[in-house]
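Numbering (full-length UniProt numbering), first residue to last: 1 to 589. Think of the CB as a built atom: it goes at the ideal place given N, C-alpha and C, for glycine as much as any other residue. Computed from a prediction, not measured in an experiment: that's the story for all the values here. Report on the following structure.
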């Protein structure tokens with residue numbers, strides 16, 4: 001009898017325990033995968049310690065890095081600083097707050113020791129780097145144990161993992177030497193399938209089946225198409241990755257799982273990277289109380305074309321930014337206000353620049369409002385004064401009326417001028433090019449254009465700096481940082497250009513000759529190219545990259561971030577690249 005009572009009590013106690021939530025199963029699986037990752041890295045360490053042959057070590061490194069891909073999606077989502085330490089670029093980084101340059105660490109640093117061939121003389125350095133990696137994995141394991149997930153965050157992170165695969169995965173960004181990106185994309189899909197399965201009984205059956213079918217299709221495609229240079233990224237994105245992120249969205253919606261409510265660059269409700277309204281322009285605005293409005297855009301356009309903002313009332317913003325040239329001027333450097341000298345750098349396009357975290361070639365300001373002020377007050381560009389401009393505008397009845405429409409609660413003031421100008425520039429971000437329409441299944445590419453995109457996102461490595469889909473240096477899928485690069489750009493006399501770029505601001509050696517990675521949207525309209533306008537044609541630009549940048553030209557550029565290896569592009573491939581880049585030209589409304 002006692003035994004029966006005990007069994008009944010045990011059964012009752014067990015049945016009263018709440019069933020494990022789906023997101024809790026995901027969290028448990030995440031911790032299991034972290035442990036497996038640690039096992040793989042430990043085995044890598046043992047092989048290095050025992051002086052195993054290069055082939056075994058390379059194989060184990062790839063296995064360990066692939067293992068990281070199973071935890072990357074949540075690590076990047078919840079612990080971005082740890083993710084960077086584990087798998088960030090193998091480049092030093094300058095901390096502006098304390099003026100220190102931090103060395104890189106993690107998988108990508110270790111990869112450069114092992115590929116293309118491992119030299120055992122570096123054994124001590126390798127073991128040191130693996131030790132650092134192990135410490136960061138221990139850190140990840142510890143913080144993961146106390147991290148609480150939600151169903152909304154799980155699906156948000158899963159869609160972001162698809163976007164990361166498109167932008168940083170299959171482009172080779174985080175496997176730059178081993179070029180193991182395609183097999184790792186397969187791991188990403190397997191990880192996605194593994195975690196979505198926890199929600200099988202929660203999701204609409206039809207939506208789940210569609211998602212499962214796409215995952216299966218994608219996995220099979222990646223098994224049979226493993227060559228990095230030959231991989232058809234256009235097909236994969238259009239037929240697998242885009243449908244996959246859409247289906248994740250539909251599954252989440254059908255299960256009534258809420259979408260994360262957060263203002264960020266890529267909207268939490270974006271079904272694909274290429275949706276017409278995937279990006280939130282206000283998320284790049286440093287002044288959330290002053291959102292872009294049609295009235296501000298109209299006022300900003302008028303101010304943009306009015307010389308009233310210059311010191312001598314002879315030059316407007318439009319004097320150096322022509323709409324028919326994608327708001328550039330077609331010159332190497334524009335003529336100064338005095339008509340005698342030239343400004344220091346090439347006039348950049350204003351189209352599609354709003355989706356950035358830094359402005360000017362040296363990244364000296366973070367907001368469009370500050371960019372406007374810097375140009376207006378620059379002595380050789382406009383030599384104006386916002387204070388004087390306010391007084392002049394206050395005397396104009398038409399401007400008084402238009403400012404009242406744009407800023408009902410304020411009189412004409414300095415902030416209103418720069419906010420209106422910034423609002424107008426923000427309105428120039430259209431993303432209605434043939435490339436965008438192609439990715440939305442609205443038009444088809446020619447065979448040359450498609451081949452060009454596959455080169456851009458693959459062999460030519462363009463997309464590892466000009467990230468898809470914005471094609472600037474704002475790093476996806478979080479779009480929180482805009483990068484600068486050291487390319488070793490020549491001057492017109494074929495010497496390394498003397499412009500020190502970002503170094504002039506930071507005095508950090510790693511920024512010597514460093515310039516912001518600009519958008520290449522509308523690039524066929526914005527010649528000449530580079531910060532000094534040295535290249536007149538796209539053919540010249542491609543030749544420069546094909547040779548390996550400044551180092552390839554024979555310059556001494558010890559901090560060059562552009563890989564110095566030649567790309568070995570054929571003449572046909574160069575033409576294909578240009579054909580693709582011309583699809584980035586926005587259609588005029």
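- The beta carbon of residue 280 sits closer than 6 Å to those of 267, all from its chain and outside the five residues before and after it, given in chain order.
- CA-CA distance, residue 287 to residue 229, rounds to 43 Å.
- Inter-residue distance for residue 575 and residue 296 is about 42 Å (C-alpha atoms, whole angstroms).
- Per DSSP, reduced to three states, the secondary structure at residue 538 is helical.
- The criterion of a C-beta distance shorter than 8 Å is not satisfied by residue 94 and residue 58.
- Between the alpha carbons of residue 254 and residue 431 lies a distance of about 29 Å.
- Cβ-Cβ separation between residue 486 and residue 560: approximately 5 Å, consistent with a contact (criterion under 8 Å).
- As summarised for the stretch 435-514, the continuous alpha helix (DSSP H) elements at least 4 residues long and confined to that stretch are 447-456 and 503-506, given in chain order.
- Three or more beta-carbon pairs separated by less than 8 Å link the stretch 161-174 to the stretch 225-240, which places the two stretches in contact.
- Residue environment analysis places residue 518 among the buried positions, since at least 16 neighbouring C-beta atoms fall within 10 angstroms of its C-beta.
- Here residue 149 carries a coil assignment [DSSP, helix/strand/coil].
- When 63, 394, 22 and 331 are compared, the shortest CA-CA separation from residue 202 is found for 22.
- For the pair residue 66 and residue 187, the CB atoms are nearer than the 8 Å cut-off.
- Counting along the chain, the unbroken alpha helix (DSSP H) around residue 62 starts and ends at 54-68.
- Contact between the stretch 524-543 and the stretch 344-358 is established, with three or more Cβ pairs separated by less than 8 Å.
- The C-beta distance from residue 41 to residue 64 rounds to 5 Å, short enough to meet the 8 Å contact threshold.
- Of all C-beta pairs linking the stretch 373-391 to the stretch 401-416, three or more are shorter than 8 Å, placing the two stretches in contact.
- Per DSSP, the continuous alpha helix (DSSP H) segment holding residue 140 begins and ends at 123-144.
- Only residues of its own chain outside the window of five on either side were considered, and among them 524 have a CB closer than 7 Å to the CB of residue 582, listed in chain order.
- At a Cβ-Cβ threshold of 8 Å, residue 87 and residue 174 count as neighbours.
- Residue 28 and residue 219 have their C-alpha atoms some 24 Å from each other.
- Assigned with DSSP and collapsed to three states, residue 309 falls in helix.
- Between residue 191 and residue 35, the CB-CB gap reaches or exceeds 8 Å.
- Between the beta-carbon of residue 400 and that of residue 394 there is about 7 Å, and that keeps the pair under the 8 Å contact cut.
- In this structure residue 103 touches residue 92 by the C-beta definition: roughly 6 Å separates them, less than 8 Å.
- Contact between residue 257 and residue 152 holds, with the beta-carbon distance rounding to 6 Å and staying under 8 Å.
- According to the DSSP secondary-structure assignment, residue 328 is paired through a beta bridge with 322.
- Shown here, residue 367 sits in coil according to DSSP, grouped into three states, outside any helix or strand.
- With the rule of 3 Cβ pairs closer than 8 Å, the stretch 421-436 counts as touching the stretch 290-310.
- Taking residue 440 as the centre and dropping the five residues before and after it, the same chain places the C-beta of 274 closer than 6 Å to its C-beta, in chain order.
- Inter-segment contact for the stretch 468-482 and the stretch 331-344 is absent: fewer than three beta-carbon pairs are separated by less than 8 Å.
- In this structure, residue 26 keeps its C-beta atom at 8 Å or more from the C-beta atom of residue 111.
- A Cβ-Cβ contact shorter than 8 Å links residue 520 with residue 584.
- The beta-bridge partner set that DSSP reports for residue 335 consists of 342.
- With distances taken between CA atoms, residue 146 lies nearest to 78 out of 282, 226 and 78.
- Scanning 101, 120 and 74 for the CA closest to the CA of residue 149 turns up 74.
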